[in-house]
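Note sheet for the following structure.
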Amino acid sequence: MTQATARHILVDSEAKCEQLKAEIEGGKDFAEVAKQHSSCPSGRNGGDLGSFGPGQMVPEFDKVVFSGDLNTVHGPVKTQFGYHLLEITSRS
1 MTQATARHIL VDSEAKCEQL KAEIEGGKDF AEVAKQHSSC PSGRNGGDLG SFGPGQMVPE
61 FDKVVFSGDL NTVHGPVKTQ FGYHLLEITS RS
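In structure tokens form, the structure reads like this:
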């Protein structure tokens, strides 16, 4: 079965998500931005979500994680929890 590892940043607005994405694309470290801004408990670990397979995360995540480019910041991705930036770190 396909497995992926990813990390994410969760915030409460699309505007904040866009701002953080611009900061990361401008050279800021994804993990540091996650530690400072993510409202998800995974933020303490740089946004690391560990390894998971299809169907283990919300559908909006699956769509990005199992089809998007690796090591690219994707988002904003809206879910019932808020707005996310996603970075797929591996997929096999």
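According to the UniProt record's numbering, the sequence shown is numbered sequentially starting from 1. No residue lacks a Cβ here, since even glycine has one placed at the ideal position from N, Cα and C. On a predicted model such as this, the values are computed, not experimentally measured, just so you know.
Beta-carbon proximity of residue i to residue j, cut-off 8 angstroms
i: residue 58; j: residue 79; result: yes
i: residue 51; j: residue 5; result: yes
i: residue 35; j: residue 27; result: no
i: residue 10; j: residue 81; result: yes
i: residue 85; j: residue 17; result: yes
Neighbour-count burial assignment, residue i, 16 or more Cβ in a 10 Å radius
i: residue 47; result: buried
i: residue 7; result: buried
i: residue 75; result: buried
Collapsed DSSP secondary structure at residue i in the structure displayed
i: residue 70; result: coil
i: residue 81; result: coil
i: residue 42; result: helix
Residue i: first and last residue of the uninterrupted alpha helix (DSSP H) it sits in
i: residue 30; result: 30 to 37
i: residue 64; result: 59 to 65
Start-to-end residues for the beta strand (DSSP E) that takes in residue i
i: residue 12; result: Segment: none, residue 12 is in no beta strand (DSSP E) and carries neither H nor E.
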